[in-house]
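Participant: For the sequence shown, the residue numbers in the numbering used here are 179 to 378. Note that beta-carbon positions come from the ideal geometry of N, C-alpha and C, so glycine has one too. In this text, all values refer to a predicted model and were calculated from it rather than measured experimentally.
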Amino acid sequence: MEGLLSRRAEAEPDALDVRILDAALAEFETYGLRRVSVEDVARRAGVARTTIYRRFSNKDQLLQAVILRECRRFLSEISAATEGLSARDALVEGFVAGLREARSNPLLTRVLQSEPEVFLPQLSMNGGAIMLAARDILAERLGRDHPQDGEDLNAVCEILLRVAMSLLLVPGGGLAVYDDDSARALARRHLLRLLPPAIG
Numbered sequence: 179m180e181g182l183l184s185r186r187a188e189a190e191p192d193a194l195d196v197r198i199l200d201a202a203l204a205e206f207e208t209y210g211l212r213r214v215s216v217e218d219v220a221r222r223a224g225v226a227r228t229t230i231y232r233r234f235s236n237k238d239q240l241l242q243a244v245i246l247r248e249c250r251r252f253l254s255e256i257s258a259a260t261e262g263l264s265a266r267d268a269l270v271e272g273f274v275a276g277l278r279e280a281r282s283n284p285l286l287t288r289v290l291q292s293e294p295e296v297f298l299p300q301l302s303m304n305g306g307a308i309m310l311a312a313r314d315i316l317a318e319r320l321g322r323d324h325p326q327d328g329e330d331l332n333a334v335c336e337i338l339l340r341v342a343m344s345l346l347l348v349p350g351g352g353l354a355v356y357d358d359d360s361a362r363a364l365a366r367r368h369l370l371r372l373l374p375p376a377i378g
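Listed below in structure tokens is the structure:
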């Protein structure tokens with residue numbers, strides 16, 4: 179699938195790109211999004227600041243590149259967890275895997291604990307491009323056998339992503355989900371109802 183999170187949508191990063199992105203990720207995980215500067219990333223990567231600016235025009239673009247790469251990793255884990263499953267089971271296990279991976283991701287954990295107000299605007303940049311791209315990829319996975327339900331699946335997948343994000347941002351409450359079993363129970367009891375009739 180062509181899209182923002184597809185590796186086919188852009189050139190593969192070269193060794194220097196990987197080095198810079200690895201350094202940026204380590205800095206953001208350690209110090210958060212606000213405190214890190216391009217100079218900090220350059221120092222950790224062992225390159226000149228101008229080298230980074232030739233590849234990423236500013237800190238926001240560098241951060242977006244880091245987030246996109248983490249999103250690809252995140253979606254790869256969901257894909258692996260749902261491979262070969264029916265749409266119903268894929269929805270449930272994808273939801274479970276998504277929450278698990280999000281809670282164990284060092285960058286997301288660090289930012290949600292200390293500065294969620296900085297992270298959330300990143301998801302809405304470019305018209306919410308990251309959210310929409312993730313939605314499209316999940317919808318494609320759930321609708322492989324029912325392409326005619328694409329529009330409905332787009333809505334379902336966006337709702338799933340927004341539910342998962344709210345559970346991460348505001349834990350506890352009546353829909354508290356603390357582990358895989360409780361996430362699975364929530365998905366089976368409530369989220370499966372969202373699937374179009376032909377799939378559900």
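So, with DSSP's three-state summary, where would you put V214?
Facilitator: It is coil, neither helix nor strand.
Participant: Within 8 Å (strictly less), CB to CB, does V348 reach chain D?
Facilitator: Annotation note: the requested chain D is absent from the structure, which comprises a single protein chain.
Participant: Helix, strand or coil for R322, going by three-state DSSP, please let me know.
Facilitator: Note: R322 maps to coil in three-state DSSP.
Participant: Could you compute how far the alpha carbon of L211 sits from the alpha carbon of F273?
Facilitator: Approximately 27 Å, taken between the alpha carbons.
Participant: In whole angstroms, what separates the C-alpha of D357 from that of T287?
Facilitator: If you take the alpha carbons of D357 and T287, they lie about 16 Å apart.
Participant: Give the straight-line distance between the Cα atoms of S215 and K237, rounded to the nearest whole angstrom.
Facilitator: So the two alpha carbons sit approximately 7 Å from each other.
Participant: Counting Cβ pairs closer than 8 Å, one from the segment 257-270 and one from the segment 314-322, do we hit at least three?
Facilitator: Yes: at least three Cβ pairs fall under 8 Å.
Participant: Is L373 helix, strand or coil by DSSP?
Facilitator: L373: coil per DSSP, three-state reduction.
Participant: What would DSSP say about G224, mapped onto helix, strand or coil?
Facilitator: The answer is coil: DSSP assigns G224 none of H, G, I, E or B.
Participant: Counting Cβ pairs closer than 8 Å, one from the segment 253-266 and one from the segment 194-207, do we hit at least three?
Facilitator: Segments in contact, no.
Participant: Using C-beta distances below 6 Å, list every residue in its chain close to L316, excluding the 5 sequence neighbours before and after it, in chain order.
Facilitator: Cβ neighbours of L316 beyond the five flanking positions: C335.
Participant: Here's the rule I'm using: 16 or more other beta-carbon atoms within 10 Å means buried, otherwise exposed. How should I337 be labelled?
Facilitator: So I337 ends up on the exposed side.
Participant: Starting from D238, trace the alpha helix (DSSP H) in both directions and tell me its first and last residue.
Facilitator: Run containing D238: 237-260, per the alpha helix (DSSP H) assignment.
Participant: Can you give me the Cβ contacts of V219 inside the same chain, cut-off strictly under 8 Å, excluding the 5 residues immediately before and after it?
Facilitator: Same-chain partners within the cutoff: I198, A201, A202, E205, I230, L240.
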